[in-house]
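**Student:**
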Amino acid sequence: MKILFWLLDPSYEVVHGEPQIKLWGIDGEGRRVLLIDHSFKPYFYVLPDPNLALNELVERIKVLSSEDSPILNVEVVDRRYYGRPVKALRITCKVPASIPVYREKVASVLGVREVLEADIRFYVRYIIDHQMNPCGWHEVEVEEEDVKGYNVEAVYRVLSPPKPIPKYDLPRLRLLAFDIECYNSAGTPKPHKDPVIIISTVTSGGERKQFLAQDHDDGAALKDFIRYVQSYDPDVIAGYNSNGFDWPYLIDRVKNLGLAKLAISREGSEPQRSTYGHISITGRASIDLLNYAEDLVDVKVKTLDNVADYLGVMRKDSRTNIDYVDIAKYWDDAEKRGLLLKYAMEDAVSTYGIAEKVIPFAAQLASITGMPLDQVLAASVGFRVEHHIMRNAFLREELIPNRVERPYSPYRGAIVLKPKPGIHENIAVIDFSAMYPHLMIKYNIGFDSYIREGEGASDYYVAPEVGHRFVKDPRSLYGSMLQKLIEARQHIREAMKGLNPQDPNYLLLDNRQRAIKVLANASYGYLGWVGARFYVKACAEATTAYGRYMIAEANKLALSHGLEVIYSDTDSIFVRYDPEKVNRFIRDVEEKLELEVKIDKLYRVLFFTEAAKKYAGLTNDGLIDVVGFEAVRGDWCALAQEVQTKVLEIILRQKNVHGAVNYVKDVIRRIRRGETPLKELIIWKTLTREFEEYEVEAAHITAAKMLLNAGYKLEVGDKVGYVVVKGKGERLADRVKPYIMAKADEIDYEYYAVKQVVPSALRILKYFGVSEGELVSAGRQATLFDFSRR
DNA sequence: GCCTGAATAGTACCA
DNA sequence: ACTGGTACTATTCAGGCG
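So the first sequence is numbered by my numbering: it starts at 54 and just counts up by one.
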């Protein structure tokens, strides 16, 4: 019979020496089903040395076959490698586990140039080969299969491989969001001794539950939780930092207690560590929303409450606040325990709310890239792009190169002009739409269309400056792939037009289209990434060279239309907005350069310093835009950011320099009186490497070490929040403390006045004749010293 | 030994 | 483990001075 099937999670298993592809998902009637394909066999390719007797090589490989897990077949096939037709050998094995074994053996056979595609996971292979869409619908010919032990409503045997159909709506998914709290007697909880005291869950069925330890005995709670997951049977399980904390802790804890394993998957197994640092639960999609948060550039410190607040899920100021070091205290105090339970439930509710917003987006990303839902959020941009390419490569019978280590190799990028400093009125920002992708399409750039040095071709494009050549025909894989991405993005942007920008759904769609934009734009960077399978630097280099050519030509054209270019960066041009001239200019650019350009933004007032990549403007919609300045940098204290934002507001909206100066002086006086709340003074910086690797004593590193000594856990990528305190130390690094360990009366308010607020305000006000001395002197007696210093 | 300016380290931003 | 281009602060170090 034929059924409809929506793919949630692919996996595989070897049963009695037979590999089985398992496709977990939902059928057209909304039933949870498992499809098993018994017919798919693992394989890889060998690229022979050219001019070799292939039959002989086939024999040399066949003799390697061993009894217990044999090579099933070696056949000569026609494929492409970097676009060139090649003969390859396709080696089919009995079980996936023997692929790495034969890969090694075959590699040393005489006449073997390269072994390819031996590192593609078995279920990924299946999805690619059948062009299945994770989170998409398929038609599949099946019959009932009589097997037990799976938590699904039906198990089917696949009779012929699933066929994707163009239907991308989501079935009604069962979602379970969870969050755990652990007892932490001293710093970070340790699974060998500290119990899981609370597991909070929220489901799409509307149920909220908490599994509580009996004081310090969490055995029953853990068992109840496992039972509950199996009985609710969610399709998606969402946590926040669940890959980094909750799952590893639960697994370890269950093991330490000597309980039966954490059997929460649809086949009764425990969560497994998988690719991209994510933790997989067979038959379900386990997602860690922290992975999604990492893509939200607007949220600087990626705590659950910050992200929930940003997405409009739960307001930060309505949250129950418990410092995480105090959790044990709250648990042990009968009066306070209720508050802890409330806090824990709010975490789970926030997690649930974020998951609800993220899943539709992640599902789209999964179907575009071909990555399973549970992996797509965990994978970095480069791997998403790579997956996307691999799917397209299969269709063209293009062999997938191996991952190889290469040294870093930079190349020239884009052009950035120095801006004209000061205030400008009535400015239009004109930019090329998706410049790099369109250039790659236009000039047929791609790893398969690139003509190497010494190679000939009849008709080709030549990139300016660098001279790299690309055949005009046939169409490069990149060209067609990017075209599809751009069209998908246009659809979403259409849908957004009907919505109010304040609408949370608008925000979500905006994130979604930005994600596609990121994927499309990253496709260029991918080719210049030394870790890429399809790394071809010349492609990336040619793309930026074309980009430089285009923006330079456009800037010249602007001039010829009587438009003064005030600033330009990569693919954008800032000019005074004379509608007629601008429209003529745009038409001219589109005609001459054959690329789409559009007015991206209109500013009533726009301010530049001498610095590139920094400006602030009042848009025609009455909104203030701040780009690049301290106000949008996460490594300045909130007070300095707020002051700069207000200064910009006053300058742009009222043009009132005097008013701005008075405001700043007022703030400085307040700081000097010690009236600024400590939380406005926290400076956040990221740990970008291991402690030993730092060469100088940086402030955030000393603060981080203090946290470490106090029992906190810190990893690369974490943000450290510190404040500057009074002290004798010569260096700033000797006068900082993690903010959680600092008291208001030890703050070095003078530092904040002179090194945070004044510089951020002066960055702007300097251009209006305001001196450092004028601001610095606020709130203290002016001395000769003030005037003598600069 | 102290002061100063230049070089380097470190981070986060823009496109 | 997408790219290069850029601004900026703090630390470190070399060189001049007395």
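Beta carbons are placed, not taken as given, at the ideal position from N, Cα and C, and that holds for glycine. What you are looking at is a predicted structure, and each value in this text was computed from that prediction instead of being measured.
(1) Pick from G581, K525, V307: whose alpha carbon is nearest that of Y464?
(2) Count the CB pairs spanning the segment 199 to 208 and the segment 165 to 181 that are closer than 8 Å, and state whether there are at least three.
(3) On the DSSP letters alone, give me the boundaries of the beta strand (DSSP E) that F264 sits inside.
(4) Straight-line CA distance for E865 to I677?
(5) So, under 8 Å CB-CB, P224 and H183 are touching, yes? Tell me the CB distance rounded to an integer number of Å.
(6) Applying the criterion that 16 or more other CB atoms from any shown protein chain within 10 Å of the CB defines a buried residue, is K410 buried or exposed?
(7) With a CB to CB cut of under 6 Å and the five nearest residues on each side skipped, what residues in its chain are close to K353?
(8) With burial defined as no fewer than 16 other Cβ atoms inside 10 Å of the residue's Cβ, what is the status of L847: buried or exposed?
(9) Would you please state the rounded distance, in angstroms, between the beta carbons of V680 and K667? I believe it to be under 8 Å.
(10) So, for R784: in the same chain, excluding its five sequence neighbours on each side, which residues have a beta-carbon less than 7 Å away from its beta-carbon?
(11) Go through its chain and collect everything with a Cβ distance to A691's Cβ below 6 Å, but skip five positions before and after it.
(12) Are the CB atoms of V469 and A607 within a distance shorter than 8 Å?
(13) With a cut-off of 8 Å, do at least 3 Cβ pairs link the segment 705 to 725 to the segment 817 to 832?
(14) Use the C-beta contact count for V186: other C-beta atoms within 10 angstroms, 16 or more gives buried, fewer gives exposed.
(15) Between the alpha carbons of R629 and V482, how many angstroms are there, rounded?
(16) Taking only the alpha-carbon atoms, compute the straight-line gap between D376 and I279 and give it to the nearest angstrom.
(17) In the DSSP assignment, the alpha helix (DSSP H) including H441 goes from what residue to what residue?
(18) Note down the Cα distance separating S824 from N715, rounded to an integer number of angstroms.
(19) In its own chain, which residues sit with a C-beta less than 7 Å from the C-beta of K790, not counting the 5 before and 5 after it?
(20) Measuring straight from C-alpha to C-alpha, what distance separates A273 and A387?
(21) Measuring CA to CA, which of Q263, D270, E128, I317 is closest to V289?
(22) With a 10 Å radius around its C-beta and 16 neighbouring C-beta atoms as the bar for buried, classify A797 as buried or exposed.
(23) Quick check on the DSSP output: the alpha helix (DSSP H) that includes M269 runs from which residue to which?
(24) Do you know whose CA, among E518, A381, T662, E323, lies nearest W300's CA?
(25) Assign R842 to one of two classes, buried (16 or more other C-beta atoms within 10 Å of its C-beta) or exposed (fewer than that).
(26) Decide if K314 is buried, meaning its Cβ has at least 16 other Cβ atoms within 10 Å, or exposed.
(27) With a threshold of 6 Å on Cβ separation, who are the neighbours of V366 within its own chain once the five nearest residues in sequence on each side are excluded?
(28) What separation, rounded to the nearest whole angstrom, lies between the Cα atoms of P454 and I74?
(29) By Cβ distance, which residues of its chain are closer than 6 Å to Y179, with the 5 residues on each side in sequence left out?
(30) Can you tell me which of M534, I504, I539 puts its alpha carbon nearest to the alpha carbon of V524?
(31) Given a threshold of 16 other Cβ atoms within 10 Å of its Cβ, counted over all protein chains shown, does I144 qualify as buried or as exposed?
(32) I'd like the span of the alpha helix (DSSP H) that includes F25, first residue to last.
(33) Classify L394: buried if its beta carbon has 16 or more other beta carbons within 10 angstroms, exposed otherwise.
(34) Counting C-beta neighbours from all protein chains within 10 Å, is the total for T741 16 or more, i.e. buried, or is it exposed?
(35) Using a Cβ-Cβ cut-off of 7 Å (strictly less than) and excluding sequence neighbours within five positions of K276, which residues of its own chain qualify?
(36) Mind checking M54: buried by the 16 CB within 10 Å criterion, or exposed?
**Tutor:** This is what the structure holds:
(1) By 1-based counting over the first sequence, the position of residue 464 is 411. Nearest option by C-alpha distance: G581.
(2) Taking 8 Å as the limit for Cβ pairs, the verdict is that the segment 165 to 181 does not touch the segment 199 to 208.
(3) The residue labelled residue 264 in the question sits at position 211 within the first sequence. Note, F264: beta strand (DSSP E), 261 to 265.
(4) An answer regarding residue 865 cannot be provided, because it is not within the stretch 54 to 843 covered by the chain.
(5) By one-based count along the first sequence, residue 224 stands at place 171. By one-based count along the first sequence, residue 183 stands at place 130. The Cβ separation is near 20 Å, so there is no contact.
(6) As a first step, residue 410 is located in the first sequence; it is residue number 357 there, counting from the start. So K410 counts as buried.
(7) Translated into the one-based positions of the first sequence, residue 353 becomes position 300. These residues qualify, in order along the chain: G687.
(8) One cannot answer for residue 847 here, as it falls past the ends of the chain, which runs 54 to 843.
(9) As a first step, residue 680 is located in the first sequence; it is residue number 627 there, counting from the start. As a first step, residue 667 is located in the first sequence; it is residue number 614 there, counting from the start. Rounded to whole angstroms, the Cβ separation of V680 and K667 is 6 Å, and the two are in contact under 8 Å.
(10) Within the first sequence, the letter at position 731 stands for residue 784. The residues are E750.
(11) In the first sequence, the residue the question calls residue 691 occupies position 638. Cβ within range, chain order: E733.
(12) Counting from one through the first sequence, the residue named residue 607 turns up at place 554. Counting from one through the first sequence, the residue named residue 469 turns up at place 416. Not closer than 8 Å, so no.
(13) Yes, since at least three Cβ pairs between the segment 705 to 725 and the segment 817 to 832 fall closer than 8 Å, the two stretches touch.
(14) Here the question's residue 186 lines up with position 133 in the first sequence. The question names Val, but residue 186 is Asn in the sequence shown. With 16 or more Cβ atoms within 10 Å of its Cβ, N186 is classed as buried.
(15) Working through the first sequence from its first residue, we reach residue 629 at position 576. Working through the first sequence from its first residue, we reach residue 482 at position 429. Cα to Cα, the separation comes out at about 9 Å.
(16) Along the first sequence, one-based indexing puts residue 376 at 323. Along the first sequence, one-based indexing puts residue 279 at 226. Roughly 28 Å separates the two Cα atoms.
(17) As a working note, residue 441 is residue 388 in the first sequence. Counting along the chain, the unbroken alpha helix (DSSP H) around H441 starts and ends at 434 to 448.
(18) Taking the first residue of the first sequence as 1, we reach residue 824 at position 771. Taking the first residue of the first sequence as 1, we reach residue 715 at position 662. The alpha-carbon atoms of S824 and N715 are separated by roughly 13 Å.
(19) Against the first sequence, residue 790 aligns to sequence position 737. Short of 7 Å from the beta carbon of K790, and not among the five residues preceding or following it, lie these beta carbons of its own chain, in chain order: A756, M759, Y775, V776, V778.
(20) Along the first sequence, read from residue 1 onward, the residue named residue 273 stands at position 220. Along the first sequence, read from residue 1 onward, the residue named residue 387 stands at position 334. Put simply, the backbone Cα of A273 is about 20 Å away from that of A387.
(21) The sequence position of residue 289 within the first sequence is 236, counting from 1. With distances taken between CA atoms, V289 lies nearest to I317 out of Q263, D270, E128, I317.
(22) The residue given as residue 797 occupies position 744 in the first sequence. A797 comes out exposed.
(23) By 1-based counting over the first sequence, the position of residue 269 is 216. The amino acid at residue 269 is misidentified as Met; the sequence shows His. Looking at the DSSP string, H269 is not in any alpha helix (DSSP H), and its letter there is neither H nor E.
(24) Locating residue 300 in the first sequence gives position 247, counting from the first residue. Closest by C-alpha distance to W300, out of E518, A381, T662, E323, is E323.
(25) By one-based count along the first sequence, residue 842 stands at place 789. In this prediction, R842 has a pLDDT of 38, which is less than 50 and means its spatial position is unreliable; nothing more can be read from the coordinates.
(26) Counted from its first residue, the first sequence places residue 314 at position 261. Residue burial annotation: K314 is exposed, with fewer than 16 other C-beta atoms found within 10 angstroms of its C-beta.
(27) Sequence index remark: in the first sequence, residue 366 carries index 313 (1-based). Excluding residues up to 5 positions away in sequence, S403, G406, I407 lie with their Cβ nearer than 6 Å to the Cβ of V366 in the same chain.
(28) Taking the first residue of the first sequence as 1, we reach residue 454 at position 401. Taking the first residue of the first sequence as 1, we reach residue 74 at position 21. C-alpha separation (whole angstroms): 24 Å.
(29) Here residue 179 refers to the residue found at position 126 when the first sequence is read from its first residue. I74, F93.
(30) Start at 1 with the first residue of the first sequence, and residue 524 comes out as number 471. Closest by alpha carbon: I504.
(31) By one-based count along the first sequence, residue 144 stands at place 91. I144 comes out buried.
(32) Lying outside 54 to 843, the shown extent of the chain, residue 25 is not represented and no answer is given.
(33) As a working mapping, residue 394 is identified with position 341 in the first sequence. So L394 counts as buried.
(34) Residue mapping note: residue 741 aligns to position 688 of the first sequence, counting from 1. The residue in question, T741, is exposed, as its Cβ has fewer than 16 Cβ neighbours within 10 Å.
(35) For the purposes of this step, residue 276 is taken as residue 223 along the first sequence, with counting starting at 1. Around K276: L312.
(36) Indexing the first sequence from 1 puts residue 54 at position 1. Counting Cβ neighbours within 10 Å, M54 comes out exposed, since fewer than 16 surround it.
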